[in-house]
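Residues in the sequence shown are numbered from 1 upward in steps of one, following my numbering. Yeah, the Cβ is synthetic: ideal placement off N, Cα and C, and Gly gets one too. All values derive from a computational prediction rather than experimental measurement. What follows is a short report on a single structure.
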Amino acid sequence: MSKKYGPVFTVYLGPWRRVVVLVGREAVQEALRGQAEAFSGRGVFFSNGERWRQLRKFTTLALRDLGMGKREGEELIQAEARCLVEALRRTKGWPFDPSLLLAQATSNIVCSLVFRLRFPYDDEEFQALVRAASGIVVGVSSPWAQEKQDPNTEFTDKNLLMTVIYLLFAGTVTVSNTIRYTLLLLLKYPQVQERVQAELTRELGPGQAPSLGDRARLPYTDAVLHEAQRLLALVPMGVPRALVKTTRFRGYTLPQGTEVFPLLGSILHDPEVFKQPEEFNPGRFLDADGKFKKHEAFLPFSLGKRVCLGEGLARTELFLLFTAILQAFSLGNPCPPGALNLQPAVSGLFNIPQAFQLQFRPR
Numbered sequence: 001m002s003k004k005y006g007p008v009f010t011v012y013l014g015p016w017r018r019v020v021v022l023v024g025r026e027a028v029q030e031a032l033r034g035q036a037e038a039f040s041g042r043g044v045f046f047s048n049g050e051r052w053r054q055l056r057k058f059t060t061l062a063l064r065d066l067g068m069g070k071r072e073g074e075e076l077i078q079a080e081a082r083c084l085v086e087a088l089r090r091t092k093g094w095p096f097d098p099s100l101l102l103a104q105a106t107s108n109i110v111c112s113l114v115f116r117l118r119f120p121y122d123d124e125e126f127q128a129l130v131r132a133a134s135g136i137v138v139g140v141s142s143p144w145a146q147e148k149q150d151p152n153t154e155f156t157d158k159n160l161l162m163t164v165i166y167l168l169f170a171g172t173v174t175v176s177n178t179i180r181y182t183l184l185l186l187l188k189y190p191q192v193q194e195r196v197q198a199e200l201t202r203e204l205g206p207g208q209a210p211s212l213g214d215r216a217r218l219p220y221t222d223a224v225l226h227e228a229q230r231l232l233a234l235v236p237m238g239v240p241r242a243l244v245k246t247t248r249f250r251g252y253t254l255p256q257g258t259e260v261f262p263l264l265g266s267i268l269h270d271p272e273v274f275k276q277p278e279e280f281n282p283g284r285f286l287d288a289d290g291k292f293k294k295h296e297a298f299l300p301f302s303l304g305k306r307v308c309l310g311e312g313l314a315r316t317e318l319f320l321l322f323t324a325i326l327q328a329f330s331l332g333n334p335c336p337p338g339a340l341n342l343q344p345a346v347s348g349l350f351n352i353p354q355a356f357q358l359q360f361r362p363r
């Protein structure tokens, strides 16, 4: 539609719901960065105003206090990575769908950070919870004493619980599916897998557990993770926004409350920004010397005042879990690489990769 109507156009989702769609890097960045305040409506579970400001501050401080950005948080993720590697080792190289196990690992990381406990992978209740994570609707009927003491506060039982659920859902759906898609790409392109493993062996050796401090020494591995996120475009429609005030944007007057969909996928797959965007090419994120190169159009977590709260956590999980897996195993599949399908099985708010069988063969 953008080819016909340009980078800013309106669609109607039903007879009453009017949505403004932003397409391409220039339009999305102009709105979310250039006019960030105006486009900052909606929020952590679609909260607004003072609620959003309080909850965002609470969540950011809570993540920091729980260990994110500190060695303690990194060690929790490394511990879960070791548990995941041991569970994969017990599969003895037999092919299986890794979706559940990866989702359990990422859920356990949040549980370890928030509750200081983790669940065994063979716990049937934990398995059922993780399987249902994307479909759970939680209702809370009675508030905490915190709300009774201060009726104006936003730190109610419901809001705090929804914030924890946000972290669990985001950590499970986003990180596990991104890792799964990256592993699928390595099956599709075995030469990439070999190069990642060669870099890990050269820089770390077989016994050293990967740490965040190793990221700079692993530019190709980092580039593979970035390119996988770009190609998948996990949240292609972006997180819906709403205008907090009537705004003039690119010649249009947009009323307060107008819903806005910033299409992140249109940036990540923009041929004007990324040449041959449908191809998997980690070299996009490497300079002429083979060092990692940032790209300003790499926006899988959005930008502006509504940038993903869990971006730092997600990036840490992706790097530590992925490197731990590739350090310990070579990946195999009963099907030839050419038969593997990279197109999402589900595409909408999320791009969910196809299910596939994977063999983890100890190196």
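Where residue i sits in the DSSP three-state scheme
| i | result |
| --- | --- |
| R25 | helix |
| E72 | helix |
| R90 | coil |
| L232 | helix |
| S176 | helix |
| S141 | With a pLDDT of 25 at S141, under the threshold of 50, the modelled position of that residue is not reliable, and no figure is offered here. |
| A328 | helix |
| E259 | strand |
| Q208 | coil |
| A103 | helix |
| F274 | coil |
| L286 | strand |
| F322 | helix |
| R18 | strand |
| R363 | coil |
| S112 | helix |
| R118 | coil |
| G338 | helix |
| A38 | coil |
| A345 | coil |
| L187 | helix |
| L84 | helix |
| L358 | strand |
| A297 | coil |
Alpha helix (DSSP H) segment containing residue i, residue limits
| i | result |
| --- | --- |
| Y252 | Where Y252 is concerned, there is no enclosing alpha helix (DSSP H), although the beta strand (DSSP E) it sits in stretches over Y252 to L254. |
| K3 | S2 to Y5 |
| S266 | L264 to L268 |
Option nearest residue i by Cα separation, candidates the options
| i | options | result |
| --- | --- | --- |
| A345 | V173, Q354, D289 and R82 | Q354 |
| T253 | L243, A228 and F261 | L243 |
| F350 | P236, D270 and P240 | P236 |
| A103 | Y220, N333, V173 and A209 | V173 |
| K293 | A223, A324 and S347 | A223 |
| L268 | G251, D289, G238 and Q256 | G238 |
| E278 | R202, T10, L342 and P362 | L342 |
| P240 | L263, G6, L231 and E203 | L263 |
| F274 | P255, A288 and F298 | F298 |
| L84 | S99, G73, K291 and P15 | S99 |
| F360 | G93, L232, T247 and C111 | G93 |
| L117 | A79, K291, R131 and E124 | A79 |
| R71 | L313, A216, Y121 and R18 | L313 |
| Q35 | G348, Y12, Q127 and T247 | T247 |
| Q29 | G14, D289, P7 and Y12 | P7 |
| G265 | D287, T201, A132 and L234 | L234 |
CB contact flag (residue i, residue j, <8 Å)
| i | j | result |
| --- | --- | --- |
| T106 | S176 | yes |
| P190 | L358 | no |
| V23 | T258 | no |
| L225 | L318 | yes |
| L331 | F356 | no |
| Y220 | R195 | yes |
| A87 | L101 | yes |
| P282 | V192 | yes |
Anticipated Cβ contact below 8 Å, residue i with residue j, distance rounded
| i | j | result |
| --- | --- | --- |
| F285 | E227 | 6 Å |
| F249 | A31 | 6 Å |
| L218 | E199 | 6 Å |
| T323 | L212 | With 8 Å as the limit, T323 and L212 do not qualify as a contact, their Cβ atoms being about 10 Å apart. |
| Q208 | L326 | Wrong, their Cβ atoms sit about 13 Å apart, outside the cutoff. |
| R89 | P362 | 6 Å |
| L76 | L129 | Not quite, the Cβ-Cβ distance comes to about 20 Å (not below 8 Å), so this is no contact. |
| T178 | Q229 | 6 Å |
| K245 | A38 | 6 Å |
Start and end residues, beta strand (DSSP E) containing residue i
| i | result |
| --- | --- |
| V11 | V8 to Y12 |
| P190 | Not the beta strand (DSSP E): P190 falls in the alpha helix (DSSP H), residues P190 to E203. |
| Q127 | It is not in any beta strand (DSSP E) - Q127 instead sits in the alpha helix (DSSP H) that spans E124 to R131. |
| T247 | T247 to F249 |
Cβ-heavy atom distance, residue i to the ligand ADP, below 7 Å
| i | result |
| --- | --- |
| R202 | As far as ligands go, the structure on display features none, and thus does not contain the ligand ADP. |
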